[in-house]
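Residue numbering for the sequence shown is 35 to 376, as defined by our numbering.
For glycine and all other residues, C-beta sits at the position ideal for the given N, C-alpha and C.
The structure appears right after this line, and notes come after that.
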Amino acid sequence: MTQVTILGAGDMGTALATPLAANGHRVHLWGTHLDREIIAVLDAGGPHPRLGTPLTPGTTVFGNDRAAEAISGSDVVVVAVTSSAVGAVIGNLAADLAEVSAMVTVAKGFDRDPDGAILLLPGVIGLTYSGPVVAVGGPSKANEVAAGFPTAVVFAGGDPSAVATCAAAFATPAYHVERSDDPVGVEVAAAMKNAYAIALGIADGLERATGHPHHNLKAALFPLAVREMGLLATHLGGRRDTVEGLAGTGDLQVTITSGRNRLLGERIGTGEPARQAAASLTRGGTTIEGHAAVGFGHEIATLAIAAGALAAGSLPLLDALAAILTGGAPPLQTLWAAIAGE
Numbered sequence: 035m036t037q038v039t040i041l042g043a044g045d046m047g048t049a050l051a052t053p054l055a056a057n058g059h060r061v062h063l064w065g066t067h068l069d070r071e072i073i074a075v076l077d078a079g080g081p082h083p084r085l086g087t088p089l090t091p092g093t094t095v096f097g098n099d100r101a102a103e104a105i106s107g108s109d110v111v112v113v114a115v116t117s118s119a120v121g122a123v124i125g126n127l128a129a130d131l132a133e134v135s136a137m138v139t140v141a142k143g144f145d146r147d148p149d150g151a152i153l154l155l156p157g158v159i160g161l162t163y164s165g166p167v168v169a170v171g172g173p174s175k176a177n178e179v180a181a182g183f184p185t186a187v188v189f190a191g192g193d194p195s196a197v198a199t200c201a202a203a204f205a206t207p208a209y210h211v212e213r214s215d216d217p218v219g220v221e222v223a224a225a226m227k228n229a230y231a232i233a234l235g236i237a238d239g240l241e242r243a244t245g246h247p248h249h250n251l252k253a254a255l256f257p258l259a260v261r262e263m264g265l266l267a268t269h270l271g272g273r274r275d276t277v278e279g280l281a282g283t284g285d286l287q288v289t290i291t292s293g294r295n296r297l298l299g300e301r302i303g304t305g306e307p308a309r310q311a312a313a314s315l316t317r318g319g320t321t322i323e324g325h326a327a328v329g330f331g332h333e334i335a336t337l338a339i340a341a342g343a344l345a346a347g348s349l350p351l352l353d354a355l356a357a358i359l360t361g362g363a364p365p366l367q368t369l370w371a372a373i374a375g376e
């Protein structure tokens with residue numbers, strides 16, 4: 035039996051207690067200050083407010099002020115906080131995390147180092163933690179993981195032993211884990227599928243607004259999104275085949291069925307101004323990680339084009355998303371221009 039600490043009592047953090055507990059591990063679930071209400075409900079024996087499921091047996095909850103206690107004795111720590119909080123959380127807990135054997139991140143996105151350079155989240159964690167980091171990607175809805183429904187994911191890292199150890203801790207008959215040595219490909223796909231889900235959500239919004247389906251548009255957007263994720267991944271040192279598997283194609287497919295990223299796109303597609311829709315959905319501290327990913331991804335692409343590493347116009351859908359989200363460009367015409375090469 036191993037002890038595993040999960041940082042973040044949100045949907046996915048709490049859900050991951052299910053496969054871990056199924057393997058007989060002790061699970062410590064720590065909540066940030068934003069998880070106070072969730073921790074209080076779980077500690078009182080109630081179901082998770084959003085998942086609707088009770089705490090998995092064998093799991094102990096810890097409030098924000100008990101981080102050291104939650105981490106003490108754990109071999110593996112899972113990072114399940116929002117991407118924008120990863121750097122601060124890991125930095126604040128650096129001393130407590132020093133003896134941890136490996137860290138697993140299910141957080142998805144980008145952030146910056148102190149000099150302003152864009153980093154994938156394993157790089158952000160690596161600023162203050164010197165051990166191996168394993169990135170998790172693939173189609174994984176938290177409510178299904180929590181319920182023990184069949185789920186297939188990818189664990190990737192540069193340390194094969196750490197990947198194997200972490201994969202074994204999580205893998206169950208219902209939670210299938212593939213191993214990969216391409217954490218860059220997994221992380222780029224994990225971050226950017228949230229961005230491209232906004233585009234496919236716009237197509238859903240157009241249907242709501244007009245009463246006419248836009249299945250053809252969605253079908254054209256999907257492979258373009260996968261192609262562009264592959265271009266970004268290879269530019270950053272990852273592999274295209276990683277993006278074409280569970281981490282990219284699979285995760286994008288499940289992400290466009292529900293969630294805040296798709297919902298942002300849907301609201302834009304119905305005619306709501308992008309800035310207004312984003313502000314409404316993020317009210318109260320909620321994060322739409324795809325919105326931030328568009329900005330980071332577009333900045334990476336712009337710098338790469340300026341350096342001659344990518345061809346100008348090679349990421350038309352990402353350009354379109356940036357124009358829609360920040361420039362107020364008309365959604366349908368802008369997305370169609372990206373597809374038609376106009």
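Inset, instruction - State the Cα-Cα distance for the pair A231 and M46, rounded to the nearest angstrom. - result: Position 197 of the sequence shown holds residue 231. Position 12 of the sequence shown holds residue 46. Between the C-alpha atoms of A231 and M46 there is a straight-line separation of about 18 Å.
Inset, instruction - Go ahead and pull the three-state DSSP assignment for Y209. - result: As a working mapping, residue 209 is identified with position 175 in the sequence shown. DSSP places Y209 in strand when its eight states are reduced to three.
Inset, instruction - Look at the alpha carbon of T94 and the alpha carbon of T162, and state the distance between them as a whole number of angstroms. - result: Counting from 1 along the sequence shown, the entry for residue 94 is found at position 60. Counting from 1 along the sequence shown, the entry for residue 162 is found at position 128. Taking the straight line from one Cα to the other gives about 26 Å.
Legend entry - Other residues of its chain near G182: CB distance less than 6 Å, five sequence neighbours each side excluded: To locate residue 182, count along the sequence shown from 1; it is residue 148. Around G182, the same chain offers T52 and A208 as residues with beta carbons nearer than 6 Å, after the five sequence neighbours per side are excluded.
Inset, instruction - State the Cα-Cα distance for the pair L135 and E300, rounded to the nearest angstrom. - result: Translated into the one-based positions of the sequence shown, residue 135 becomes position 101. Translated into the one-based positions of the sequence shown, residue 300 becomes position 266. Before going on, a small fix: residue 135 reads as Ser here, not Leu. Straight across, the Cα-Cα distance linking S135 with E300 is about 42 Å.
Inset, instruction - Pull up the distance between the alpha-carbon of P194 and that of A101, whole angstroms please. - result: To locate residue 194, count along the sequence shown from 1; it is residue 160. To locate residue 101, count along the sequence shown from 1; it is residue 67. Each residue's alpha carbon lies about 28 Å from the other.
Legend entry - For R301, three-class secondary structure by DSSP: Here residue 301 corresponds to residue number 267 of the sequence shown, with the count starting at 1. In the structure shown, R301 sits in a helix (DSSP, three-state: H, G or I).
Legend entry - Cut-off 6 Å between Cβ atoms - residues of its own chain near G235, not counting five sequence neighbours on either side: The count along the sequence shown starts at 1 and reaches residue 235 at position 201. Same-chain partners within the cutoff: R296, G299 and E300.
Inset, instruction - My understanding is that G329 touches V277, with C-beta atoms under 8 Å, so please give their C-beta distance in whole angstroms. - result: Reading the sequence shown from its first residue, position 295 is the one you call residue 329. Reading the sequence shown from its first residue, position 243 is the one you call residue 277. Wrong, their Cβ atoms sit about 20 Å apart, outside the cutoff.
Inset, instruction - Check whether the Cβ atoms of A233 and L369 sit closer than 8 Å, and answer yes or no. - result: On the sequence shown, position 199 is the one that residue 233 refers to. On the sequence shown, position 335 is the one that residue 369 refers to. Result yes, Cβ atoms of A233 and L369 sit closer than 8 Å.
Inset, instruction - Note down the Cα distance separating A357 from A340, rounded to an integer number of angstroms. - result: Taking the first residue of the sequence shown as 1, we reach residue 357 at position 323. Taking the first residue of the sequence shown as 1, we reach residue 340 at position 306. Straight-line spacing of the CA atoms in A357 and A340 works out to 19 Å.
Inset, instruction - State yes or no: is the C-beta of D275 within less than 8 Å of the C-beta of G171? - result: Counted from its first residue, the sequence shown places residue 275 at position 241. Counted from its first residue, the sequence shown places residue 171 at position 137. For D275 and G171, no; Cβs fall outside 8 Å.
Legend entry - Closest Cα partner of P156 within the set E241, V112 and P307: Along the sequence shown, read from residue 1 onward, the residue named residue 156 stands at position 122. Ranking E241, V112 and P307 by Cα distance to P156 puts V112 first.
Legend entry - Cβ shell of A354 (< 6 Å), same chain only, five flanking positions each side left out: Your numbering for residue 354 matches position 320 in the sequence shown. Apart from the 5 residues on each side of it in sequence, A354 sits with its Cβ closer than 6 Å to the Cβ of T368, L369 and A372 in its chain, given in chain order.
Legend entry - Three-way DSSP call (helix, strand, coil) for A136 in this model: Here residue 136 corresponds to residue number 102 of the sequence shown, with the count starting at 1. Residue state, collapsed to three classes: strand.
Inset, instruction - In angstroms with no decimal places, state the Cα-to-Cα distance between V288 and D109. - result: If you number the sequence shown from 1, residue 288 lands on position 254. If you number the sequence shown from 1, residue 109 lands on position 75. So the alpha carbons of these two residues sit roughly 31 Å apart.
Inset, instruction - In the DSSP assignment, find the unbroken alpha helix (DSSP H) run with D285 in it and report its ends. - result: In the sequence shown, the residue the question calls residue 285 occupies position 251. Per DSSP, the continuous alpha helix (DSSP H) segment holding D285 begins and ends at D285 to T289.
Inset, instruction - Less than 8 Å between the CB atoms is what I'm expecting for V158 and V211, so what's the real figure, rounded? - result: By one-based count along the sequence shown, residue 158 stands at place 124. By one-based count along the sequence shown, residue 211 stands at place 177. Not confirmed; about 23 Å, so no contact.
Inset, instruction - Measure from the alpha carbon of A203 to the alpha carbon of each residue in F189, D216 and D215, then state which is nearest. - result: Position 169 of the sequence shown, counted from the first residue, corresponds to residue 203. The shortest C-alpha separation from A203 is found at F189.
Inset, instruction - With a 10 Å radius around its C-beta and 16 neighbouring C-beta atoms as the bar for buried, classify I283 as buried or exposed. - result: On the sequence shown, residue 283 is found 249 positions in, with the first residue counted as 1. Reading the sequence as shown, one finds Thr at residue 283 and not Ile. Looking at its Cβ environment, which holds 16 or more other Cβ atoms inside 10 Å, T283 is buried.
Inset, instruction - Pick out the complete beta strand (DSSP E) segments inside the region 37 to 111, 3 residues or longer, and give them in chain order. - result: Taking only runs of at least 3 residues, the beta strand (DSSP E) segments lying wholly in the region 37 to 111 are 37 to 41, 60 to 64 and 93 to 96.
Legend entry - Opening and closing residue of the alpha helix (DSSP H) in which R273 lies: Against the sequence shown, residue 273 aligns to sequence position 239. Per DSSP, R273 is not a residue of any alpha helix (DSSP H), being assigned neither H nor E.
Legend entry - Separation of E306 from E32, as counted between CA atoms: Coverage of the chain is limited to positions 35 through 376, which leaves residue 32 absent and any answer about it impossible.
Inset, instruction - Out of P88, H59, L50 and A43, point me to the one whose CA is closest to Q8's CA. - result: Here the chain has residues from 35 to 376 only, and residue 8 is not among them.
Inset, instruction - Kindly indicate which residue of E323, A326, H325 and S348 has the alpha-carbon position closest to the one of A335. - result: For the purposes of this step, residue 335 is identified with residue 301 of the sequence shown, where counting begins at 1. Measuring from the Cα of A335, the nearest candidate turns out to be S348.
Inset, instruction - Can you give me the Cβ contacts of L54 inside the same chain, cut-off strictly under 7 Å, excluding the 5 residues immediately before and after it? - result: One-based indexing of the sequence shown puts residue 54 at position 20. Sequence-distant Cβ neighbours of L54 in its own chain, meaning closer than 7 Å and more than five residues away, are V38, V61, A203 and F204.
Legend entry - Own chain partners of T199 with C-beta closer than 6 Å, once the 5 adjacent residues on each side are dropped: Mapped onto the sequence shown, residue 199 falls at position 165. Cβ neighbours of T199 beyond the five flanking positions: none.
Inset, instruction - Within its chain, find whatever has a CB closer than 6 Å to the CB of G197; leave out the 5 residues flanking it on each side and keep chain order. - result: Within the sequence shown, residue 197 is the residue found at index 163, counting from 1. According to the sequence displayed, residue 197 carries Val and not Gly. Taking V197 as the centre and dropping the five residues before and after it, the same chain places the C-beta of V168, F189, G191 and R213 closer than 6 Å to its C-beta, in chain order.
Inset, instruction - Go through its chain and collect everything with a Cβ distance to R70's Cβ below 6 Å, but skip five positions before and after it. - result: In the sequence shown, the residue the question calls residue 70 occupies position 36. There are no such residues.
Inset, instruction - Report the residue from G97, D77, N98 and P83 whose alpha carbon sits nearest the alpha carbon of P91. - result: Start at 1 with the first residue of the sequence shown, and residue 91 comes out as number 57. Per the Cα distances, D77.
Legend entry - Cβ neighbours of A223 in the same chain (closer than 7 Å, five flanking residues each side left out): In the sequence shown, residue 223 corresponds to position 189, counting from 1. The answer, listed in chain order, is G171, M263, A267, T276, V277, A281, G282 and D285.
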